[in-house]
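Engineer: Top to bottom, those sequences are chains U and W.
Mind the numbering: the first sequence is residues 143 to 468 in my numbering, read in order.
Mind the numbering: the second sequence is residues 1415 to 1938 in my numbering, read in order.
C-beta atoms are modelled at their ideal positions from N, C-alpha and C, and glycine is treated no differently.
Bear in mind that the values here come from a model prediction, so they are computed numbers and not experimental data.
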Amino acid sequence: MNELNNIISIIGKETTRAIIGLIGVMVLVVINALILTWAERKVAGHMQRRIAAKEVGPFGLIQPIADSIKLLGKELITPVNVERPLFYLAPTLIFVPVLVSFVVIPFGSYLQVKDINVGILVILAFSSLSVLSILIAGWGSNNKYSLIGAIRSVAQNIAYEIPLLLSLLAVVFMVNSLSLKDIVEAQRGLWFVILQPFAFIVFFIASVAETNRTPFDLPEAESELVAGYHTEYSGMRFALFFLAEYTNIFIVSAIATTFFLGGYQGPILPGIVWFFIKTYFLVFVILWMRWTFPRVRFDQLLNFSWKVLIPASLVNLIITGGMLKL
Amino acid sequence: MVKKTLEDIKNTLKGVDASEISYAERGYHLAIEAQKGSLIGVVEFFADKGFYLADLCCVDYAEYLELVYLFNNFKELCRVKVTLKVEPDKPVAPTISHIYTMAHWYEREIHEFFGVYFEGHQKLTYLFLHNGIDCYPLRKNRVPVTDDDKKLLDSFKPEEEEDAFFINLGPQHPSTHGVLRVVLKMDGEYILSAEPVLGYLHRMHEKMAENRSYQQFLPNPARMDYPGALLFNLAHVAAVEKLCGIEVPERAQYIRTITCELNRISSHLLWIGAFLGDLGGLTPFLYAFDDRENILDILESATGSRLTYCYFRFGGLYNDIDDTFIDMTKKFIKRMHERLGMYEKLITKNVIFINRVRGIGILEQSEVPKYGCSGPIIRSTGMPFDIRKVEPYAAYDKIDFEIPTGKTGDNMDRYMVRMKEMEISLNIVEKAIEKLPSGPINAEKVPKKLKPPKGDVYHAVESTRGETGVYIVSDESDKPYRMRWRVPSFSNLMTFPALAQRTLLADAIATMGSFDLVIPEIDR
């Protein structure tokens, strides 16, 4: 114990917190991806009148691990004509913004890697980066389907980042802070989903689009583009894209929980449990949508953002500002 | 209609020899022998009168090759056979592709199988065959492929152009449902032009038919159209029965109707799943399969197989149906009515679905005769043309049913027509079971070895995708001299390039999905 204290005193308390936090985040990312692959199969299965995974482990719980072992064992195929540096870079790059976003999310009243006073800005800034890696993947694959998928992804992300930001801004107006912890603390009495129901709906729609999930899964629309930007990827590189997608789902749900559903607050149970209950409920809704809706068309998707979501959220923002002034 | 057409021909087309034929024996009303000089005039006459080109095929009679043009009218039944004799040594015929768009493909097909050149054809390249073919396969004598033709084998090479790029949609692609390949010329997400490339599943069923007896060919039709196997089975059997003059007992006719309609529902169910899959909704596929499984169980109890049925025999059936079959069917009808209500709620009223299909892929009614497409696709344009009604076979003339039609001919209408058709099929099955007479299921005195009299016959049935016709030429032997299959998806697919032009990729895929294409049927 003394030795541990010594080490902490040498490297400093903040650094220790950061290291432990990062390890925790890594573990969480992996476990979350495992849970979500299992959950997606189960949800899909039961919605489609089948049983889904049940052979490996109880209720098929070990299935994701078997899958990841399989994916690790697969050959990493590099097609001949790809832009090699970019092709290799993309799956790795897609993971950086995902990890950084976790740093500022408050899982419990003390469970936060670092409370930055511009927390939400960090998340939004880094989530924009994931578009870059999709573009790199689509460009580097030297495949027309991949390129179309990447182009769609860029247009989609630019269009939906604006309503995403505007809807969060309404909450920021009310709290007067960008720190996620302050926002959670401000919801001690009343959740913002009740004060800002419209902002919550806009945020949720925009975040589904940001994570490329059905009905907005155009970048990887399998009936049109085979698999979109990750058509040429195989093995673990392909798995990294999927890991990033599942982690993104978790992050947008976590942000929605933090901003609108009172974060870690709730009676009786400890804060972290509440946080995960709320987050996974939203994750379930996103999975539910995937297996219920058909896909929208590209122009409908963009029109919906530019002509409906953005003006509406702007109006919402103006009303919020006006009410606060009164 | 027939008399009037005959009069018109005599008045307008001077010097063309037209004669009336016994429809009950041959399956067409009028026969016209055209000459090379007069052919274009004859075809233009039929195009003016609103006839569609049901089929265009070729028969090799050794001394000469005969091109057979089969016309029919959507408004009123009037089947016309126009023939044109061409020299076997250097066969040349005038093209009619500028009059009937569909003739583009029929002529390409005849060119590769018989070596007939069509003067004036824009692009006489090979349609089905690929490298390795060194003779014209459907000629009776071995005729080697000329050097000029060898250059046309597998000749589709898109040219690079500025501001446009090419995409190969297929042959391996999730939404072509098989091995259809469509070469798309794209400008960003917009399609500038689309060209289907066929032949990846070509098995030459027509040649197979020439090499085996009528009975031996029985299992083949089911392999052409696997989701609607019974209807193809019926087309073959009924054509041969018409040729030989076999009377089918009434009970067998009713059972044919019942099983065919059940098969139609199962085929439409498969289509719903696949269509919604094309639109990105993956769940309906499994719901539809749940229902389809019931039909497969029912049909299995009677026919013995679940997918590629071979149930009908010349003059009757393989097997009689029993009470369990009827009970299962009645139970299924009750269940399916409920399920159709559920589909209505879950799919038809979904906002995303409506926005994806309404007003997309509009097929104009006036365009239809040029392509000769049939089935739900033309009924969606508002044309109540159904072979079951205009040219009744089996027991359809004894059962009252309506024909659902659409208004605009867009994807939504095609979807609605098929949904309505399932409901009507259920009603037909219900009525047929009520009326089901008792008696024998097989005609007496059908010889083991069928040797039909000399002549030709055309028989069409309304399969799940449209008019499926069989044209058989018999030379009194136990094998067909020539068996030609007119398949609906082939002419339905021909409309795709026009409908896909200047649309988004996603819309083109929705349109292709709404056609209910079955690739083994197109390629034969």
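Roughly how many whole angstroms lie between the Cα atoms of V224/U and Y302/U?
Structural biologist: Using only the alpha carbons, I get a separation of about 30 angstroms.
Engineer: On the three-state DSSP scale, how would you describe G1755/W?
Structural biologist: In this structure, G1755/W counts as helix in the three-state DSSP scheme.
Engineer: Give the secondary structure of P339/U by DSSP, where H, G and I count as helix, E and B as strand, and everything else as coil.
Structural biologist: In the structure shown, P339/U sits in a helix (DSSP, three-state: H, G or I).
Engineer: So, for I1842/W: in the same chain, excluding its five sequence neighbours on each side, which residues have a beta-carbon less than 6 angstroms away from its beta-carbon?
Structural biologist: Cβ neighbours of I1842/W beyond the five flanking positions: E1675, I1813 and F1815.
Engineer: Taking its Cβ as the centre, do 16 or more other Cβ atoms sit within 10 Å of T1426/W, making it buried, or is it exposed?
Structural biologist: Exposed.
Engineer: Could one say the Cβ of S365/U lies closer than 9 angstroms to chain W's Cβ atoms, at least one of them?
Structural biologist: Closer than 9 angstroms to some Cβ of chain W, the Cβ of S365/U qualifies, so yes.
Engineer: For a contact meaning CB atoms closer than 9 angstroms, what does K286/U contact in chain W?
Structural biologist: By Cβ distance, chain W contributes F1579, F1580, I1581, N1582 and M1600.
Engineer: Which of the residues in the stretch 179-196 of chain U, read from start to end, lie with their CB under 7 angstroms from any CB of chain W?
Structural biologist: Of all residues in the stretch 179-196 of chain U, M189, Q190, R191 and R192 have a Cβ within less than 7 angstroms of some Cβ in chain W.
Engineer: At a CB-CB cut-off below 8 angstroms, which residues of chain W make contact with Q205/U?
Structural biologist: What Q205/U touches in chain W: nothing, since even the nearest Cβ is about 19 angstroms away.
Engineer: Could you say if the stretch 1458-1469 of chain W and the stretch 1480-1499 of chain W meet the contact criterion of at least three C-beta pairs nearer than 8 angstroms?
Structural biologist: Cβ pair count under 8 angstroms is three or more, so yes.
Engineer: When you compare only the Cα positions, how much space is there between Y422/U and K1599/W?
Structural biologist: Each residue's Cα considered, the two are about 44 angstroms apart.
Engineer: Which residues of the stretch 1765-1792 of chain W have a Cβ closer than 8 angstroms to any Cβ of chain U? Give them in chain order.
Structural biologist: Within the stretch 1765-1792 of chain W, the residues whose Cβ lies closer than 8 angstroms to some Cβ of chain U are I1766, F1767, N1769 and R1770, listed in chain order.
Engineer: Alpha carbon to alpha carbon, how far is L1840/W from I1747/W? Give it in angstroms, no decimals.
Structural biologist: Approximately 6 angstroms, taken between the alpha carbons.
Engineer: Identify, in the order they occur along the chain, each residue of the same chain with its Cβ nearer than 7 angstroms to the Cβ of I1838/W, setting aside the five sequence neighbours on each side.
Structural biologist: So the list reads F1815, E1816 and P1818, once near-sequence residues are dropped.
Engineer: Determine the burial state of P1867/W: buried for a count of at least 16 other Cβ atoms within 10 Å of its Cβ, exposed for fewer.
Structural biologist: P1867/W should be labelled exposed.
Engineer: With a threshold of 8 angstroms, are at least 3 pairs of Cβ atoms found where one atom belongs to the stretch 1919-1932 of chain W and the other to the stretch 1891-1899 of chain W?
Structural biologist: As far as the Cβ criterion goes, the stretch 1919-1932 of chain W does not touch the stretch 1891-1899 of chain W, which means the pair count is below three.
Engineer: Is it buried or exposed, L1645/W, if we count other Cβ atoms within 10 angstroms and call 16 or more buried?
Structural biologist: By the 10 Å Cβ count, L1645/W comes out buried.
Engineer: Between Q442/U and chain W, is any beta-carbon pair separated by less than 9 angstroms?
Structural biologist: Closer than 9 angstroms: yes.
Engineer: Pick out whichever of D1705/W, Y1895/W and L1479/W has its Cα sitting closest to the Cα of K1499/W.
Structural biologist: Per the Cα distances, L1479/W.
Engineer: Given a cut-off of 9 angstroms, decide if F1542/W and E1526/W are closer than it, judged by their beta-carbon atoms.
Structural biologist: In this structure, F1542/W lies closer than 9 angstroms to E1526/W by Cβ.
Engineer: Smallest Cα separation from R1553/W: which of E1714/W, K1849/W, E1439/W and D1503/W?
Structural biologist: When only C-alpha atoms are compared, the closest one is D1503/W.
Engineer: May I have the straight-line CA-CA distance separating G408/U from S1607/W, to the nearest angstrom?
Structural biologist: Each residue's Cα considered, the two are about 59 angstroms apart.
Engineer: Among the residues of its own chain, which have a CB less than 8 angstroms from the CB of L1710/W, if the five just before and after it don't count?
Structural biologist: Counting only Cβ-Cβ distances below 8 angstroms, and skipping sequence neighbours, we find S1680, R1720 and L1721.
Engineer: Can you name the residues that DSSP bridges to I1605/W?
Structural biologist: Answer is M1600/W.
Engineer: Just how far apart, CA to CA, sit D1736/W and A1857/W?
Structural biologist: Cα to Cα, D1736/W sits roughly 19 angstroms from A1857/W.
Engineer: Using a beta-carbon distance below 9 angstroms, is R437/U in contact with chain W?
Structural biologist: Answer yes: the Cβ-Cβ gap between R437/U and chain W drops below 9 angstroms somewhere.
Engineer: Candidates F244/U, V240/U, K216/U and L424/U: which alpha carbon is nearest I162/U's?
Structural biologist: Considering only alpha carbons, the answer is F244/U.
Engineer: Establish whether the CB of R294/U and some CB of chain W are separated by less than 9 angstroms.
Structural biologist: Interface residue, yes.
Engineer: In the structure shown, what three-state DSSP assignment does N1582/W receive?
Structural biologist: Reduced to three states, the DSSP call for N1582/W is strand.
Engineer: Going by the DSSP bridge assignment, what does V1506/W pair with across the sheet?
Structural biologist: Paired residues: Y1531/W.
Engineer: Tell me which same chain residues have a C-beta within less than 8 angstroms of the C-beta of R1916/W, skipping the five on either side of it?
Structural biologist: Only Y1604, I1605 and L1606 meet the Cβ criterion.
Engineer: Between the alpha carbons of S1877/W and K1834/W, how many angstroms are there, rounded?
Structural biologist: Each residue's Cα considered, the two are about 16 angstroms apart.
Engineer: Suppose contacts are defined by Cβ-Cβ distances below 9 angstroms. Is Q190/U in contact with V198/U by that definition?
Structural biologist: Their beta carbons are not under 9 angstroms apart, which means Q190/U does not touch V198/U by this criterion.
Engineer: Is T1560/W close to chain U? Criterion is C-beta to C-beta, closer than 9 angstroms.
Structural biologist: It does not; no Cβ of chain U falls within 9 angstroms.
Engineer: Report the neighbours of W433/U on chain W: residues whose CB is nearer than 8 angstroms to its CB, in chain order.
Structural biologist: Result: L1696 and T1697.
Engineer: Please check if any C-beta of chain U sits within less than 9 angstroms of the C-beta of G1592/W.
Structural biologist: G1592/W does not count as touching chain U.
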